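Student: Chains as they are written, first to last, in the numbering used here: chain A, 1 to 619; chain B, 620 to 853.
1) Rounded to the nearest angstrom, how far is the Cβ of residue 401 of chain A from that of residue 391 of chain A, given a contact under 8 Å?
2) With a cut-off of 8 Å on the beta carbons, I'd call residue 41 of chain A and residue 99 of chain A a contact; round off their distance for me.
3) What is the DSSP secondary structure of residue 126 of chain A, reduced to helix, strand or coil?
4) Going along the chain, which residues of the region 688–705 of chain B sit with their C-beta nearer than 7 Å to a C-beta in chain A?
5) Note down, in chain order, every chain B residue with its Cβ under 9 Å from the Cβ of residue 330 of chain A.
6) Checking contacts by CB at 8 Å: is residue 792 of chain B closer than that to chain A?
7) For residue 473 of chain A and chain B, any beta-carbon pair shorter than 8 Å?
8) Answer with yes or no whether the minimum CB distance from residue 408 of chain A to chain B is below 8 Å.
9) Would you mind sorting residue 834 of chain B into buried or exposed? The rule is 16 or more other CB atoms within 10 Å of its CB.
10) Which of the three DSSP states is assigned to residue 405 of chain A in this structure?
11) How would you call residue 377 of chain A, buried or exposed, if buried means at least 16 neighbouring beta carbons within 10 angstroms?
12) Please report the distance separating the alpha-carbon of residue 726 of chain B from that of residue 490 of chain A.
13) Which residue marks the beginning of the alpha helix (DSSP H) containing residue 552 of chain A, and which one marks its end?
14) Does the structure place the region 288–306 of chain A close enough to the region 380–388 of chain A that three or more beta carbon pairs sit under 8 Å?
15) Which ranges would you report for the beta strand (DSSP E) in the region 783–818 of chain B if only whole runs of at least 3 residues count?
16) Distance check for residue 486 of chain A and residue 467 of chain A, CA to CA, integer angstroms please.
17) Which stretch, first to last residue, makes up the alpha helix (DSSP H) that contains residue 331 of chain A?
18) For the candidate residues B/660, B/743, B/762, whose alpha-carbon lies nearest to that of residue 691 of chain B?
19) Assess, as a yes-or-no matter, whether the region 704–723 of chain B is touched by the region 672–684 of chain B under the definition of 3 or more beta carbon pairs within less than 8 Å.
20) At what residues does the alpha helix (DSSP H) containing residue 846 of chain B begin and finish?
21) What do you reckon, are the CB atoms on residue 586 of chain A and residue 543 of chain A nearer than 8 Å?
22) Mapping DSSP to helix, strand and coil, what is residue 367 of chain A?
23) Should residue 822 of chain B go down as buried or exposed, given a rule of 16 or more other Cβ atoms within 10 Å for buried?
24) Using the beta-carbon of each residue, which ones in chain B are nearer than 7 Å to residue 476 of chain A?
25) Classify residue 494 of chain A as buried or exposed, calling it buried when 16 or more other Cβ atoms lie within 10 Å of its own Cβ.
26) Would you kindly check if the distance between the Cβ of residue 44 of chain A and the Cβ of residue 102 of chain A is under 8 Å?
27) For residue 842 of chain B, I'd like the list of residues in its chain whose CB is within less than 7 Å of its CB, leaving aside the five on either flank, ordered along the chain.
28) Taking 6 Å as the limit between beta carbons, can you name the residues of its chain near residue 78 of chain A, skipping five residues before and five after?
29) Report the residue from A/65, A/574, A/607, A/343 whose alpha carbon sits nearest the alpha carbon of residue 106 of chain A.
30) So residue 727 of chain B contacts chain A; which residues on that side make the cut at Cβ distance below 8 Å?
31) Which whole-angstrom value is the C-beta distance of residue 318 of chain A and residue 234 of chain A, which I expect to be below 8 Å?
32) If we count the other Cβ atoms within 10 Å of its Cβ and call it buried at 16 or more, is residue 801 of chain B buried or exposed?
33) What's the call for residue 221 of chain A, buried or exposed, on a 16-neighbour Cβ count within 10 Å?
34) Count the other CB atoms, across all protein chains shown, that sit within 10 Å of the CB of residue 781 of chain B; report buried if there are 16 or more and exposed otherwise.
35) Would you mind working out which of A/97, A/74, A/469, A/30 sits nearest residue 63 of chain A, comparing C-alpha positions?
36) Determine the chain A residues that contact residue 844 of chain B at a beta-carbon separation under 8 Å, and present them in chain order.
Printed below as a string of structure tokens:
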């Protein structure tokens, strides 16, 4: 005989009980259970409401202050046995505890027993193996500032949280405190952040939030969150015990609740399909809801600034500062402006750092200072503020720029501090004729000059120039850019280019020019030389001289070199019947034969040769 | 042959003559234009600017000073008074680019003629140096070539430095710079009165400008005055 264990007997008894209840409850049975019955603050439990009967009842979520109910699923089974319909409807809610305590969840259906949920602050069993909330606080990286362990307050059913991280909770009015505002968004549950965190209340002012917060990942209560951090600063504006919270608008995704009333598909088989959690999960059947998540209230003690020991020139600066000064130049002319520069550096609210600089200094005309702030961090907590004040000495000589005072309240020492710049010496040389003589007048449109004019201390303005009417022109447009003038440089370039090309041609004609010295000095000289050879009866020399002279003439006229003038070239160009050709032929014949000529023939050939030079035309 | 030489010489002479005549005719044409009543001179603009400054019209004073500075960029009195006016309205001195700072060293019209003469002188000397049979004057010609090239370089540098002035405008009053050239457009930033901006484009009654910080926006044309006016001065 096989023995059965306790679990098996329990299961059988449970099944028998359920069957008994199902059979014995013709009008329907309702069951309600919660698991687990004890959770930690910030954790969640699962509430299951079951209805067994012939009809499908409308189930609405309970309303319990401090608890939030989110529908996570609905299932239904319908059986028809012997014409009798039996329906089993189960609705599941996720219960989020928003505060600690013992909560009684009333029955959602008639006949169901209320259930009790215990929410502990730190210890308690966590569903699905989640770590208790208290242990989860150690997981996130701690910033430099202290953070209470329970400062993370989750909202929107645990989808997001907002928290503040700051270094101190006791501060003075006007004191700037760096603060980190962190918004945690549960991955997949937060659709969007709909704006930066905003400040609740009017007791504090917040510096401008960076447009791009830093992004980190963090595990809170065993759940992964994406944490956006804005580094900014907080300033209290009024004393007292004050509380501060931050709000962040965002859109969260929640699963669509079931359709208890059936809707369009009521009574049909499709209703079961659409309300099935598997169907909703598969098709992402979730809805979006705009919510605002708030941080836990942070309490502060804001102290007023003490009245005792407050310097007369205190302008409201609270922080820790250092002061230095310098002058733009140590030598200047009378009436010339110099610039006194004071630097206030440190940390604190620089919007409260102000200084009138010099006022009514003896022998100096002081103008309105200009202010320039150079932050060293993104929130302007640390930086340097520079005050620049133009000064004009009203007297010549070695002048001393008086010291400038600056006061502030130091929260660390809890007392007022005062600093002053060092006196600076400037050598002022007298202006010719005095500053007032140079001034042709002052523009009176600005506060700076108006102040100077009121006091009669006119800074040096250069006088008008004599205008004799010379040098006038009709247009201010420079010649470079006027079309009429823009043609001149190209024309010059064209002219230069033309000359350059002309010069390139010069060497070609220069060859002919170089032949000119080879020409006979004159026709008379050539004739007398030929007469000498004729008188001697030397035919070879006679025609030799004639041929040489003709070669030079032809080379010059043809533009070729002297050796290029040959007998063949002469025949080809002048023909065989030309007189010059006959001279060349006779010269060749006389050179290689004993040619004889009569005196008449000498004279005739002499005249032929000389005629070539006298006519200038080749025959 | 001698005829060719004569023709070349005549051509070069005619070109040089045409350059001079063209320049003189251009000068006379502009002087006798219908706008010749709008006379400009450095002293006149400077004195006008001083008058504006005395009457508190800082923007017009800056405009006149800038126009005078175009003609006499190195005038110390002008630079000083311009500095004072800009300082009085809270505007820092415009340091300008390196070329603007050092390139605007003389009247651009004078530098234009220096460049033209330098081009002719340098070109002729370089051509003469290319000829081998002028050894006697070679040193002098080389000096002339260097001087001519230097004159051309100085003129070009001056022209390049003056070129940005063509697009410079002065804000006659504090004016909003909008995102688009239509009335009622969103304002991007505001240019203060007497600020000098550069005009980049024009659309209807609006000018696309860029201020000294590099910001660009559309400003109504009526709020701006060009340093180099297109027609007659205001």
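Heads up, the beta-carbon is just placed ideally off N, CA and C, and yes, glycines get one too. Because the structure is a prediction, the values reported are computed rather than measured.
Tutor: Put simply:
1) 7 Å
2) 7 Å
3) Residue confidence for residue 126 of chain A is low, a pLDDT of 35 falling below 50, so the modelled location carries little weight and cannot support an answer.
4) 689, 696, 699, 700, 703, 704
5) Per Cβ cutoff of 9 Å: no residues; residue 330 of chain A is ~20 Å from chain B at best.
6) no
7) yes
8) At a cut-off of 8 Å between beta-carbon atoms, residue 408 of chain A makes no contact with chain B.
9) exposed
10) Strand at residue 405 of chain A.
11) exposed
12) 22 Å
13) Looking at the DSSP string, the run of the alpha helix (DSSP H) that includes residue 552 of chain A is 539–558.
14) no
15) 787–790, 794–797, 806–810
16) 30 Å
17) For residue 331 of chain A, there is no enclosing alpha helix (DSSP H); the enclosing beta strand (DSSP E) has its first and last residue at 331–333.
18) B/660
19) Because the criterion of three Cβ pairs below 8 Å is met, the region 672–684 of chain B and the region 704–723 of chain B touch.
20) Looking at the DSSP string, residue 846 of chain B is not in any alpha helix (DSSP H), and its letter there is neither H nor E.
21) yes
22) coil
23) With fewer than 16 other Cβ atoms within 10 Å, it is exposed.
24) Within 7 Å of the CB of residue 476 of chain A, the CB atoms of chain B belong to 659, 686, 689, 847, 848, in sequence order along the chain.
25) exposed
26) Note that the C-beta distance between residue 102 of chain A and residue 44 of chain A is not below 8 Å.
27) 790, 791, 792, 794
28) 87
29) A/65
30) 478, 479, 480
31) 13 Å between Cβ atoms; not a contact.
32) exposed
33) buried
34) Label assigned to residue 781 of chain B: buried.
35) Out of A/97, A/74, A/469, A/30, A/97 has the C-alpha closest to the C-alpha of residue 63 of chain A.
36) Ordered by position in chain A, no residue passes the 8 Å Cβ test against residue 844 of chain B, which lies about 12 Å from the chain.
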